[in-house]
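The block underneath contains the structure these notes are about, expressed in structure tokens.
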Amino acid sequence: MDIHTGLWISIAVVIGAIVIGAVLWDRRKRRKGRSGTVVPLQGKRKGAGSADTQPCSRCRKRRKLTYYANDAGVVSGLCTECKKVLERHQELYPM
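In structure tokens form, the structure reads like this:
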């Protein structure tokens, strides 16, 4: 093995290491972009309403909810107005 062959092998190894490092760095960067269910709290605190309000299952207005189940076992979070309307049509069981 002469000196030129060793030089080319060394260059190939360095280029391969750079390519592998770039691929791993790109994967890590993409994973940080889609963090799944982790939500930064600073962005959610502004304009999200108070912590005890959630959207109603029927009217989607943000209010304090009470959870009820119907005869089929379907659980719904309902505000007081929607509970009164649905109570006329079906039996609701508090959770």
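Sequential numbering of the sequence shown, starting at 1, is according to the UniProt record's numbering.
Positions of the beta carbon are idealized from the N, C-alpha and C atoms, including for glycine.
A quick note: this is a predicted structure, and the numbers were derived from the prediction, not measured.
My output table needs one value for residue i: the three-state DSSP class, helix, strand or coil.
| i | result |
| --- | --- |
| L78 | strand |
| R27 | helix |
| R88 | helix |
CB of residue i to nearest heavy atom of the ligand FMN: below 6 angstroms?
| i | result |
| --- | --- |
| V75 | Within the structure as shown, the ligand FMN is missing, as the structure has no ligands at all. |
Would you tell me roughly how many angstroms separate the C-alpha atoms of residue i and residue j, rounded to the nearest one?
| i | j | result |
| --- | --- | --- |
| V14 | H4 | 15 angstroms |
| A69 | R27 | 44 angstroms |
| A17 | V23 | 10 angstroms |
| L41 | S10 | 48 angstroms |
| C56 | G73 | 18 angstroms |
Does the distance from the CB of residue i to the CB of residue j come in under 7 angstroms?
| i | j | result |
| --- | --- | --- |
| R60 | T53 | no |
| G77 | Y67 | yes |
From the DSSP output, which residues share a beta bridge with residue i?
| i | result |
| --- | --- |
| A69 | V75, Y93 |
| R63 | Q54 |
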